[in-house]
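Number of protein chains: 2
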Amino acid sequence: MAVKLSRYLLATLREAPADADNVSARLMQRAGMIRKLASGIYEWLPLGLRALRKVERIVREEMDAIGGQEVWLPVVQPKQLWQETGRWGVYGKELLRLKDRKDAEFCFAPTAEEVITDLARREIRSWRQLPAMFYQFGLKFRDEIRPRFGVMRAREFLMKDAYSFHADEKDAEAYYRAAYEAYKKVFARCGLRFKAVEAQSGAIGGSHSHEFMVLAETGEETIVSCSRCEYGANIERSEIADGRWHLPAEAPPVEEFATPGACSVEDVSRLLGEPAARFLKIQLYMIEGKTPVLAVLRGDHELNEAKLSAALSAPLLARASQAQYEQVLGCPVGFAGPQGHGGLKVVADFAARSVGAGITGANKADRHARNVLAGRDFDVAGWFDLRMTKPEDPCPRCGAATAFHKGIEVGHTFKLGTKYSKAMKAEYLDKGQKPQALVMGCYGIGVSRVVAAAIEQGHDQDGIVWPLAIAPFQAAVVVLDEGSDAGVRPAADALATALEACGLDVLEDEREGKPGVKFKDIDLIGVPLRFVVSRRTLAAGQVEFKRRGQAKAEAWPLGELAERAAALTR
Amino acid sequence: MAVKLSRYLLATLREAPADADNVSARLMQRAGMIRKLASGIYEWLPLGLRALRKVERIVREEMDAIGGQEVWLPVVQPKQLWQETGRWGVYGKELLRLKDRKDAEFCFAPTAEEVITDLARREIRSWRQLPAMFYQFGLKFRDEIRPRFGVMRAREFLMKDAYSFHADEKDAEAYYRAAYEAYKKVFARCGLRFKAVEAQSGAIGGSHSHEFMVLAETGEETIVSCSRCEYGANIERSEIADGRWHLPAEAPPVEEFATPGACSVEDVSRLLGEPAARFLKIQLYMIEGKTPVLAVLRGDHELNEAKLSAALSAPLLARASQAQYEQVLGCPVGFAGPQGHGGLKVVADFAARSVGAGITGANKADRHARNVLAGRDFDVAGWFDLRMTKPEDPCPRCGAATAFHKGIEVGHTFKLGTKYSKAMKAEYLDKGQKPQALVMGCYGIGVSRVVAAAIEQGHDQDGIVWPLAIAPFQAAVVVLDEGSDAGVRPAADALATALEACGLDVLEDEREGKPGVKFKDIDLIGVPLRFVVSRRTLAAGQVEFKRRGQAKAEAWPLGELAERAAALTR
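Just so you know, the sequences run in chain order A and B.
1 is the number of the first residue of the first sequence in the numbering used here; add one for each residue after it.
1001 is the number of the first residue of the second sequence in the numbering used here; add one for each residue after it.
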């Protein structure tokens, strides 16, 4: 039955609260979808919950389609399980820890690898039970240090987390592909523009992962994608091919010169009138706080710390402090070069070769040097891909041009391998009755975040522009001048019924009030299909129809309503 | 599509864990519906979740039918709100309290009156918005001192909580009736035998409430219900009419006698050969730990403390300690009578009049007295209904015979009045633009508890006996001797498809294994309708059909499958 607006909590606001810090946080509060209860903790009002439930339903159907079995795991989880994997110690303050009345320690689950692996080690005994995938729609809590962007980076949120178990790596890989395709279906069915990109694994760990990004200019993440092939990656992870530049065999001798007060590539470049691409830029890092290593890049390039960390197989890497810099390199920050530091490990980015003999610091205060050449003036322990991708970099797979997009991460798939199953001794008996570690994958979707991301992607100056599939209401029937014509309400009710028969969720705005106020509300909450029934339209034998965002309304003859309405959902 | 058992986590167990302490805890674990993660904290496996979701769906439909608007409220709730109603201080250790990384205090919600009243005071401004009802399926946590009975008294559980807001008491009362009827529909649709009874309000407070009890011999609650009229009540609350007995105008003088070591009514009754109904039994209570009050009952009756507390308007009432008894009454416990305590307040149960001049303690060690008469030998400050109902007591409404039942509380409706709205200043503007306190009702269903209660009501020696509406699977197709006849599986698949077309949830047991093992599993998990397809049945042009709990199977001709299957759900 169509929802009547006079009996519905439509809690629209003229102004968003002052602390709403992005488009979706503002529009979700203005449209009355959510309200803030505490920092990073939100109430979902009826309108917001409708959208959330629609996303949930689509996700559930696609998880079931790849053989997922829905479970429901506790959010209050005992410390002991988290100690088995070592994550009780590693997780830090984001893990909300709590004690019950008997002082037993628990956490409020931010994710469920431990509990599901524990379940698998109890319930999965034989290869016959594999593969198996379990998923849930779980309330999660992450005690973010700075919750922001409304429900997008909230502390309490709804996540679909799924975990698969396999007999071997090959089966895990095949299932990973199926899950990847299911994720693409989920976001396509939600009506979102998105990209699946290669991603870092982050804190959850494992060997291989993809992020699913909803494209939106307001997104926090930058995505590099190829204009020709399927390649796409988070910029943190996007590869750059070796340009195969050759260093010159010889160069003039190193020559120092004064650069008083000019310590950055930018400063010295301006001083000399030489482009930044002629410079050798250095950055000093410390491995585990004690072993220094110097990275060399072309002056106009930016270091990617994740790549440096991977190249050095050094997860615990940090930029040197001013004191460390001055102690290791023997000069003030901004005046060091790679030459003349015997025994210091130097690694360089592929593109630093293209500089040839370059300009760099002279290792003395207020002085720089030119004609500094790798191999002659300093040794390079290894050449690597160490830098951030730039828009002009070609695709690392096919060489075509790339494009940058901004995106919002809404899903993440991981191949976990045996990280958790080995730590927790989750094994099955293979066909030869030998115990083997279960091979795992895990697959998350931020269900509440999808709703916000859809709004970041779809909005205009009047409010939200929903995709039809996840709009809280898909059609609105606005009733006007009801007082002056007793035929208006029955006609509106009949239209609402006809639209519902087409499978649409219908809102009937039969409130008293001015047309302008009603239209503003309907636009703000983003109803995709708007109908108006009034004395005037009925006198003309019509109703008025307008799609959200369309400038002009169309007149629909009353006799063609059913037929035209049916065409809307085809 | 029918679920294939070879690809499903059927985690049945021969034996329940040793700590499973009631029928449903044992059967839910044996059937693989749940597993225990920690004390009072359970995982819901796929089979269990199917039942839970079915109950959830029925509840949602009935809440929507009475105009409920679904919301989703945070489980982590700030201390400040709970302080506004005083419940932060009152709730005790059952409230799981926690601190975030910034040391701000929160609780894990055991119920949501504060949050919803806060929502209402922000969003409801005018009488035009009333009545309004909001509900949610909320995860709840109550840190029970002794979690037991599996999910029935778990710490983490799923509750449907609903809250209604009204302009006045009359509208609240009308809505309360509608909610009461909706609750009856919910449990009837779940296929449960239940009774709605008048109940105490308990810790949530308010003026009027009903409990919904699933009838089961294993239930913790005792229900008194009339054999003729609609009267039903929790025994704690069940009323007893005044029998209108008259005290005799005169009686022989009080006479003391020795009763060495006999201090209970039972002992003295046996000693004298006099029935307990000839005794005046006394119990001493202390109001707020300091003011004593003596209750007098007939010797064969049991005091109902809640009634005494209500009669005295004394919520803080406790039984006197031995020391208090001896100090106030001047003799050892078991030897006091109501007579001879000038200044001590005495109240009596209506039925104590029927004793006339009775036998009671003599206020001296090892001595009792007979012919003690109210009005002559002691003053009664008031006659009240103070005792527990007995099976022979007639209905307090119509006088017909009553019956006792055991039950499990699965739902509770409350008229809250303005308790929360006044504490939190939740007001609306009436037609005259005057602020008025919102009148509230609240309505809870223990969704996870309904699943357990259904099992307490429906089980036999072989396992669970589900009502069709909430059975995880409604029909099972058991495939036998598949290896010997290539036609068996296609016939089984076709049957499964036909059953699904009738709207049944179908499980196809196509596992390898012995028939006996398969039948045991199907009975244990309680599938209501069981079909067997085998070489033998097909050779006879039949499939075998048996209802759960029915002794003998029926043979269904293949040609009549569709027609007969359709009749199952009619």
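Note that the Cβ used here is the ideal one computed from N, Cα and C, for glycine as well.
Shortest alpha-carbon distance to residue i belongs to which of the options?
i: Ala1178/B; options: Cys1226/B, Thr1111/B, Ala1065/B, Ala1336/B; result: Ala1065/B
i: Ala1336/B; options: Pro1292/B, Lys1281/B, Ala1323/B; result: Lys1281/B
i: Asp377/A; options: Val254/A, Ala352/A, Val439/A, Pro394/A; result: Val254/A
i: Phe1157/B; options: Glu1288/B, Lys1518/B, Ile1445/B, Arg1319/B; result: Ile1445/B
i: Ser1238/B; options: Arg1270/B, Ser1264/B, Ile1223/B; result: Ile1223/B
i: Ile240/A; options: Trp383/A, Lys552/A, Lys514/A; result: Trp383/A
i: Asp21/A; options: Lys345/A, Glu70/A, Met152/A; result: Met152/A
i: Thr1218/B; options: Leu1297/B, Thr1259/B, Glu1409/B; result: Glu1409/B
i: Tyr1176/B; options: Tyr1091/B, Pro1078/B, Phe1414/B; result: Phe1414/B
i: Tyr42/A; options: Arg155/A, Ala295/A, Arg50/A; result: Arg155/A
i: Lys208/A; options: Arg193/A, Leu130/A, Cys190/A, Ala233/A; result: Sequence check: residue 208/A is His here, not Lys. Of Arg193/A, Leu130/A, Cys190/A, Ala233/A, the residue nearest in Cα terms is Ala233/A.
i: Cys1398/B; options: Ser1039/B, Val1380/B, Glu1230/B, Met1133/B; result: Glu1230/B
i: Val1197/B; options: Asn1304/B, Glu1236/B, Lys1079/B; result: Glu1236/B
i: Phe1531/B; options: Phe1519/B, Glu1500/B, Val1477/B; result: Val1477/B
i: Gly1092/B; options: Tyr91/A, Asp100/A, Gly92/A; result: Asp100/A
i: Leu495/A; options: Asp485/A, Asp481/A, Ala475/A, Gly483/A; result: Ala475/A
i: Asp1462/B; options: Pro1528/B, Val1115/B, Lys1054/B; result: Pro1528/B
i: Glu560/A; options: Gly526/A, Arg536/A, Ala498/A, Lys518/A; result: Ala498/A
i: Gly1040/B; options: Arg1148/B, Ala1051/B, Val1071/B; result: Arg1148/B
Assuming residue i and residue j make a contact with CB atoms under 8 Å, what is their CB distance in whole Å?
i: Leu73/A; j: Gly138/A; result: 6 Å
i: Trp82/A; j: Cys107/A; result: 6 Å
i: Leu1119/B; j: Arg35/A; result: 7 Å
i: Thr1360/B; j: Ala1369/B; result: 6 Å
i: Leu1577/B; j: Val1543/B; result: The shown model of chain B, from 1001 to 1570, leaves out residue 1577/B, and the question about it has no answer.
i: Arg193/A; j: Ala469/A; result: No, Arg193/A and Ala469/A are not in contact; Cβ-Cβ is about 13 Å, not under 8 Å.
i: Cys1502/B; j: Ala1426/B; result: Contact doesn't hold; Cβ gap of about 48 Å is too wide.
i: Glu456/A; j: Val23/A; result: 5 Å
Which word fits residue i, buried or exposed, when buried means at least 16 other C-beta atoms lie within 10 angstroms of its C-beta?
i: Ala1203/B; result: With a pLDDT of only 39 at Ala1203/B, under 50, the local geometry of the prediction cannot be trusted, and the value read off the model is given with reservation. Result: exposed.
i: Thr569/A; result: exposed
i: Ile1145/B; result: exposed
i: Gly1541/B; result: exposed
i: Val1439/B; result: buried
i: Arg1087/B; result: buried
i: Arg1319/B; result: exposed
i: Gly513/A; result: exposed
i: Arg30/A; result: buried
i: His412/A; result: buried
i: Leu13/A; result: exposed
i: Lys1290/B; result: exposed
i: Ser534/A; result: buried
i: His1459/B; result: buried
i: Lys1552/B; result: exposed
i: Gly68/A; result: buried
i: Val450/A; result: buried
i: Phe1257/B; result: exposed
i: Pro391/A; result: exposed
i: Ala1249/B; result: exposed
i: Gly516/A; result: exposed
i: Gly330/A; result: exposed
i: Ala1104/B; result: exposed
Counting beta carbon pairs with one atom in the region 1182-1193 of chain B and one in the region 1210-1217 of chain B, are three or more of them shorter than 8 Å? The answer is yes - the region 1182-1193 of chain B touches the region 1210-1217 of chain B, with three or more Cβ pairs under 8 Å.
Just list the alpha helix (DSSP H) runs in the region 410-471 of chain A, keeping only unbroken ones of 4 residues or longer that don't cross its boundaries, in chain order. Taking 4 residues as the minimum length, the alpha helix (DSSP H) runs contained wholly in the region 410-471 of chain A are 419-423, 447-457, in order along the chain.
Kindly provide the ranges of any alpha helix (DSSP H) runs that are 4 or more residues long and lie completely inside the region 1058-1119 of chain B, ordered along the chain. Those alpha helix (DSSP H) runs which fall completely within the region 1058-1119 of chain B and span 4+ residues are 1079-1084, 1087-1090.
With a threshold of 8 Å, are at least 3 pairs of Cβ atoms found where one atom belongs to the region 1008-1015 of chain B and the other to the region 91-103 of chain A? Between the region 1008-1015 of chain B and the region 91-103 of chain A, the count of C-beta pairs closer than 8 Å stays below three; the two stretches do not touch.
Would you check if the region 1272-1281 of chain B and the region 1306-1314 of chain B touch, i.e. whether three or more CB-CB distances between them fall below 8 Å? By the Cβ rule, the region 1306-1314 of chain B does not count as touching the region 1272-1281 of chain B, because fewer than three pairs are nearer than 8 Å.
If you scan the region 279-346 of chain A from start to end, which runs of the alpha helix (DSSP H) of 4 or more residues do you find wholly inside it? Inside the region 279-346 of chain A, DSSP marks whole alpha helix (DSSP H) runs of 4 or more residues at positions 305-311, 322-329, from first to last along the chain.
In chain order, what are the residue ranges of uninterrupted beta strand (DSSP E) at least 3 long that sit wholly in the region 1543-1567 of chain B? Within the region 1543-1567 of chain B, the complete beta strand (DSSP E) segments at least 3 residues long are 1554-1557, listed from N- to C-terminus.
In chain order, each alpha helix (DSSP H) run of at least 4 residues that lies wholly inside the region 1477-1512 of chain B: Taken in chain order, the complete alpha helix (DSSP H) segments of 4 residues or longer contained in the region 1477-1512 of chain B are 1488-1501.
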